[in-house]
Each structure stands twice: as C-alpha cells, then as structure tokens.
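Protein chains in written order, with UniProt numbering: chain A, 1 to 384; chain B, 1 to 384.
Built from N, CA and C at the ideal position, the CB exists for glycine as well.
Right, one structure below, let's go through it.
2 protein chains.
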Amino acid sequence: MRVLVYGSGQLAQMMYLAGCPLGIDVQAVDVNSDTIVHPVNKTLLESNLELAIESADALTVEFEHVPERLLEQAAKTSKLMPSIEAILVGADRVREKRLLDRLSVPNCLYQIVSDIEQLDECVAKLGDKLIIKASRDGYDGYGQWRMTDIAQLDELKKALSALDLNAVPLVVEKMLQFDRELSLIGVRGKKGEIKIYPLTENLHHQGQLHVSVAPALDISPALQSEAENIFTTLAEGMEYIGVLAVEMFQCGNTLLVNELAPRVHNSGHWTLSGSDTSQFENHLRAVAGLPLGDTVAKQPSAMVNIIGCCSFSRDLLSIPGCHLHWYGKSVRDKRKMGHINVTADSYISLGEKLEQLAQYLPLEYFPKLLKEAARLKQSYTTPC
Amino acid sequence: MRVLVYGSGQLAQMMYLAGCPLGIDVQAVDVNSDTIVHPVNKTLLESNLELAIESADALTVEFEHVPERLLEQAAKTSKLMPSIEAILVGADRVREKRLLDRLSVPNCLYQIVSDIEQLDECVAKLGDKLIIKASRDGYDGYGQWRMTDIAQLDELKKALSALDLNAVPLVVEKMLQFDRELSLIGVRGKKGEIKIYPLTENLHHQGQLHVSVAPALDISPALQSEAENIFTTLAEGMEYIGVLAVEMFQCGNTLLVNELAPRVHNSGHWTLSGSDTSQFENHLRAVAGLPLGDTVAKQPSAMVNIIGCCSFSRDLLSIPGCHLHWYGKSVRDKRKMGHINVTADSYISLGEKLEQLAQYLPLEYFPKLLKEAARLKQSYTTPC
C-alpha cells in the first residue's frame, strides 16, 4: 500500500512515521519541482510524477495550497482523498463561506469584497470593527488586516487597493468578541464512519498557534456534542475522507466556525501522545480504507509549538510524559521547527509540567507558555 | 545527531521511527555487505563503512550476533554502546554464565562441555533431565537439545559429536521446573542513571516468543524489586549503556536469569503502546546522552507476534487500542513478520480484546492466543 502526499513538510513526515508500522509506504510530492521525495530525508525517490501517481494506492495532501494544476491532475485518478472540492474549500475563503452557508453551519458574519469601494457597505452592515482576509493564500496570519476604528478606513483602502480583488476577493468579517478558540479534529472513513477527538483549546500569538490543550477545559457535553454535529454536517456534506480540522470560536454556549483545514492539523499534534490513535495514523487508516482508530483522550495533553528557534536544552526530556517532535528544518523567523507534547494525570499536573518545561526554553519564543501553565495549575476540571 | 545500528531488521527500523521525532538520524549497517542502508526501505545510503562510522555520533546494535571483526572495529572508536564486552556476553553463553557467576546473579545450574564425554559428568552432577545449548549462534531455539530420559544420552552424544565443541562449547543446564517465563527490560544512561519497565510475562512456542503481557500478572512488589536488583547489578557490573533485556524464570518467589539480550528486545515491544516512552526511544535517548523517559506502564498491554504468516484481516484494527506493527519483510516459515500491540483498561478487558483479535487471525500461526485470552479474562489482578 502506497500513499502519495502532496507537500513534503512536517505533516507528510509525521504521516510517514505513522504509516510505516501499518505497512503503508508514504511518499511526498515536492510541489515546487513535481518530484517525489522521501518525507523524512527529502531524497529523490522518483522524478516522474505521473508514474508515481499511477503506482500509488491513494493520494492526499498535507496542505491546502497545492497548485491547482496538480490537484486537478490528482483528481482525475479518483484516488485523491479528500476530494479536490474539499481541498479547495480549505484554500479559498469564499468557497469556505459558501459551503458553511449551504450546510447552515454557524460562522462569523461576513461580506465578500471584490471592489475596494464595497468596504463602506461592509462598515454599514458589519460595524466598524472588522477583520479583512484575502480569500486565497492566507496562512498563519498572512494576508489579514484589522480595522478597529473607522479612522483607519481610508488607510486600509489605500493598502488594499494594490490588490487584484477581482482575482482574489476579500472576506470581510465582523470582529467577534469570543471567549476562546477551539478546534475539533475528526476523521471520516471510506464507508462514511466517523471518529472525533475531544475539543482542543488553542492559544495563538500573532496569527500562529503556540499552545494547544486537549481535552479543552470546561467543555459541557452539550458543547462537545454541538461541535461534533458541526463536524458531521461538514464531513458528510463534503463526502469527506480523511482527517478534517474545524477551527471554531466559542461565544458563551455557541460555536462559530472560523476556518476549515482539509488535512491533519497542528492543533491535533497532541494526539501523538494523548490519544490511542494519532491523527496521522487515523488519516492514513481512512484513505487506506482501514478501520478507524480510537480517538478518546487518555490523559490531559498539551502541545507546545517550537517556532523560529532551534536552541534549547534537550534536558526538557527529563520531564515525565514530555516528548519532542523535531521536524529537522533549518531555522527561520516564525518557522515551525518542531513541537513538544506533554501528558499528565491531571490538568494541575499538566500546568506544573509546562512550568517545568519553561525552564528549559528561551521564553521569548514561547510567549503563551507560562500564563497557560498558571491557568492549568489553578484548574479544577476533572480530567477526561 | 546520527546513530549507526549494526543490523538492518525490524529492531533497527523501530529505532529509526523512534529517532526521527528526536532529531536523531538512525542508519543501519547491513552486516552482510558492510554497507549503510536506510533502516526502513533498505536503500543504500553509504558504501564506505569507515566513513559512516566516522560521521556517526553513536554506534549500537540491534542483535548480538554481529561479526566480531565489525564489533572490534566499532569498539576502537569509543562510540559503541553498549560495550563490545556486553554485546559478546549476549552472543556467547559461556561468557554469559561467567558474568552471572562473577556478579552472583542467580541462574540455572550448569556445566560447560567442550568434550562430548563430559556429558556423563553433567548427568552425574545435574541429573538426567538436561537442556543442552550451543554457546554461540543460538537464536530463537536453534542450537538447543533436550534430554528428558537417560535412554536418550547415547543418541544425543552421537548427534553432538558432529560439532566442534572446542571451538563452540556447550552449556548444559539442569532442566528446571519453573512457574513461568518473565523478562525485565531496562535502560541505563551515560551518567549511570537507570529506568526499568515492569516485569513482562512471556509465552513461548517452539523456542519463539509468541505473546507477552505487561505488567506481568500477580507480581509482588518484592519480586519486582528482586528483578530490578538483578538488572541493576548486571547493568552496573557491565557499565552498560542502552536498553538491556533480562530473561528470567520464576520459581515460586525466586528468579533465575536464563538469558541476557544486550539490546532492545521482542518482549519489550509492548512499550510502544503501553508505556510513556518506548524501549526504542529510551535506547536512543541513552546512547545519545539524553535524559531517559518514563517507563511506567500506563495500561495492561499485550504483544502478539505475527510469525511466518502475512495473510490476515486488517480489520483487527477495529478493536480499540489495537495497533499493528508490520516489518515489511517477505514471508518465511518461523519468520517474525510483525506484531500486534493491544492495550486495555483492565486485564479482563485485555483478555476480551485478545479473544476478539483471534477472530481476525489464522489461529494455526497463533497457538498461544486463545488460551492466554481465557486466562486474562479470568484474572482478578488490579491493573498497574
């Protein structure tokens, strides 16, 4: 069994590591050179993409911004999972909004803008606190603007008028007062079976995920169930196969979908330690037509991203339940270099371990860590 | 950080998979061709062994029967962990017995035979129920003979007289009435720190391990502690670095060491699911000088070897807590093709899962499975 993953970053690498024990050979498509590379050491495995597609049993993606010509070629084989439509929903906020509306999935109030003058209409309809997103090629906070005061409107118009809004319209959303950011990772198999991980709480900084905690604290059964209904509606509505990540805002007892990622997702990395079956293994099981694995959380877990730094003490491994996942990339500003998974018997112990962890890390790169450790230490939520 | 493993089988492969997330590049030495290969797909990485040794940070082994010329070359670098002496102890039963005696570690009564006529003396000293083992190159029950009645002595002498006993003496042991076979897997780091997994119970069939259960049932704290003392004596006595497996017989409240394996061991495969840190990760952490990981058993676990067969239903993955580890080898009689790890919340549930598992497997290859499932289902031991 061979699975070809479009994209050759850390997600393909972690799929490779999950595939080996299942006897699934995961290979990666370098979408810049149209060649097939080893997902870990990136050596060339095959230079003929068509041959590789032919010999693969399943095709999938590690990111949604795969060039459309490649996706179209892949879609012709009927081996591509999830479908090209589902992948493009993740790559294009206009498609995403249309899907959410079609399936009546609650999401943030928005307007689509393909002419800069429509911004005035947005203000009239959505108010003067706006988040403006390019509909395509946005990733980790790039291609986003904020307006917090009407006085910024003219300046914004000037900045945005440089863009070709006909080709890439803007999605303008009312800035939301939300309690926190959650995500739900789930997986749908070839026969339509669905398994869903518990809601994960995500802490962002400058548009990038820094810390995840799972299961998210203080989630009522009703809220988890609402999230699962949203997942099921989306996955069934797209006839989705594989892992799908749904990013949401919690506002009181309500969930609003912010974004879909048609792939394994950074906020699901905790499943490598904290669940019986990781999101990587479950994605492969799904596209390979194997039974899906258990998604129950075994213990409270945290995932700490290592962003833009490579110098820290490996003695962090002395913390019980602490595991490093290093991606082997050269360091760049804001680049995700790896992550650290931590599990504990309780949220309080998890907070203590994050506090210990902080001692081994250059904290300027981990701006969310200590505060989250303190919050967990004061938690009274019963684990799992 | 690069670790070179002598041997390119499944143990090197599982070390590779454990090494990746730590940023440790594990490469394998094919000891038949003296070349360096990728531990998973076995492609050639380097044909010059000396260069590879030079560029590696640590050298280790996946099996003890590495040709001595290679071990001696490796030992010259001072990067070989464990030491050549420790590896040879695992490869030579005479050395092994000498070590056990020197460190006063209880083991089975024995005589060393380098002349076939000494067998009579063995009978006089050890009785007429004997296990006779070639001192070298014995693996999975090969090179072993049994005498259960004195009438077999002449026939045995005839068979054994074909061997060069001067070059490869025999170790003759009194056949033991033991309750069960246990093993203890532990790891010792570069600074002498030690972490030990709980005792594992092992079920063999025709000299091969078929099923392991961990933690072994009904182990008193005193017995676990006795086993840990034995481990510590051996590991410190050899100034051992890495994972060491100690196979033992339990006779009432006593443990007798049967065999040492200076490496990760089949009876420790359950740690991939059942412990926070797998034996593979801990071996790499040790030889890389990293802090050792937690060895506590999180849940009752079973490991079921897949031996000599490759045709079974992958629907076994539908059992929660059930994970396949496939080695990707071509099938041969008696060959270890992979293993299945199963975890559960209790031993009774573990037994039920093994019973379910049996429905997906061709039982002629799994002669120990159903009986062990039944035994676990009747267990009243509190887990972990």
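Span of the alpha helix (DSSP H), counted from its first residue to its last, around residue i
i                : result
Tyr197 (chain A) : Tyr197 (chain A) -> no alpha helix (DSSP H), and no H or E assigned at all.
Met81 (chain B)  : Run containing Met81 (chain B): none; DSSP gives neither H nor E here.
Cys122 (chain B) : 118-126
Arg93 (chain B)  : 93-102
Ile53 (chain B)  : 49-55
Asn32 (chain B)  : No alpha helix (DSSP H) holds Asn32 (chain B); DSSP gives it neither H nor E.
Gln13 (chain A)  : 10-19
Val287 (chain B) : 279-287
Glu239 (chain A) : Element bounds for Glu239 (chain A): n/a, residue is neither H nor E.
Lys371 (chain B) : 369-377
Thr43 (chain B)  : Element bounds for Thr43 (chain B): n/a, residue is neither H nor E.
Glu68 (chain A)  : 68-75
Glu259 (chain B) : Careful: Glu259 (chain B) lies outside any alpha helix (DSSP H), inside the beta strand (DSSP E) at 254-261.
Contact belief for residue i with residue j at Cβ below 8 Å, rounded distance in angstroms
i                : j                : result
Leu260 (chain B) : Val89 (chain B)  : 6 Å
Ala235 (chain B) : Gly189 (chain B) : The Cβ separation is near 10 Å, so there is no contact.
Ser278 (chain A) : Ala58 (chain A)  : With a Cβ gap of about 18 Å, Ser278 (chain A) and Ala58 (chain A) do not count as contacting.
Leu223 (chain A) : Glu201 (chain A) : The Cβ separation is near 12 Å, so there is no contact.
Arg136 (chain A) : Asp92 (chain A)  : 5 Å
Ala297 (chain A) : Pro221 (chain A) : Ala297 (chain A) to Pro221 (chain A), Cβ: 14 Å. No contact.
Val168 (chain B) : Lys97 (chain B)  : The Cβ separation is near 14 Å, so there is no contact.
Ala358 (chain A) : Pro300 (chain A) : Rounded, the Cβ-Cβ distance is 18 Å, inconsistent with contact.
Asn266 (chain A) : Asn305 (chain A) : 7 Å
Ala216 (chain B) : Met248 (chain B) : Their Cβ separation, rounded to whole angstroms, is 10 Å, which puts Ala216 (chain B) and Met248 (chain B) out of contact at 8 Å.
Ile53 (chain B)  : Thr77 (chain B)  : 6 Å
Cys310 (chain A) : Val331 (chain A) : 4 Å
Interface flag, residue i vs chain A, CB-CB below 8 Å
i                : result
Asp294 (chain B) : yes
Pro291 (chain B) : yes
Leu17 (chain B)  : yes
Element boundaries [beta strand (DSSP E), containing residue i]
i                : result
Val5 (chain A)   : 2-6
Lys133 (chain A) : 130-134
Gln144 (chain A) : 144-147
Ile185 (chain B) : 180-188
Ala297 (chain A) : Where Ala297 (chain A) is concerned, there is no enclosing beta strand (DSSP E), given that its DSSP letter is neither H nor E.
Gln250 (chain B) : 242-251
Gln152 (chain A) : Gln152 (chain A) -> no beta strand (DSSP E), and no H or E assigned at all.
Ala214 (chain B) : 208-214
Test item: CB-CB of residue i and residue j under 8 Å
i                : j                : result
Pro262 (chain B) : Pro82 (chain B)  : yes
Leu324 (chain B) : Gly338 (chain B) : yes
Leu49 (chain A)  : Thr35 (chain A)  : yes
Lys125 (chain B) : Gln111 (chain B) : yes
Lys195 (chain A) : Leu290 (chain A) : no
Leu22 (chain A)  : Trp326 (chain B) : yes
Ile87 (chain A)  : Ala288 (chain A) : no
Asp149 (chain A) : Asp128 (chain A) : yes
Ile307 (chain A) : Tyr365 (chain A) : yes
Tyr16 (chain A)  : Leu70 (chain A)  : no
Met175 (chain B) : Leu130 (chain B) : yes
Phe280 (chain A) : Met1 (chain A)   : no
Tyr347 (chain A) : Leu370 (chain A) : no
Leu11 (chain A)  : Val264 (chain A) : yes
Val3 (chain B)   : Leu244 (chain B) : no
Ser212 (chain B) : Met303 (chain B) : yes
Pro257 (chain B) : Pro106 (chain B) : It is worth fixing the name first, because residue 257 (chain B) is Val in this sequence and not Pro. Their beta carbons are under 8 Å apart, which means Val257 (chain B) touches Pro106 (chain B) by this criterion.
Ser55 (chain B)  : Ala28 (chain B)  : no
Gly237 (chain A) : Leu119 (chain A) : no
Chain B within 8 Å of residue i, Cβ atoms only
i                : result
Arg285 (chain A) : yes
Notebook entry, point to check: Taking a cut of 9 Å between CB atoms, which residues from the region 313-339 of chain A lie near chain B?
Noted result: Arg314, Asp315, Leu316, Leu317, Ser318, Ile319, Pro320, Gly321, Cys322, His323, Leu324, His325, Trp326, Tyr327, Gly328, Gly338
Checklist line | Cβ-based contacts, 7 Å cut-off: residues of the region 21-42 of chain B near chain A | finding: Pro21, Leu22, Gly23, Val40
Next item on the list: Anything in the region 180-202 of chain A with a Cβ closer than 7 Å to a Cβ of chain B? List those residues in chain order, please.
Entry: none
Margin query: For the region 268-283 of chain A, list every residue whose C-beta sits within 9 Å of some C-beta in chain B, in sequence order.
Written below: Leu272, Ser273, Asp276, Thr277, Glu281
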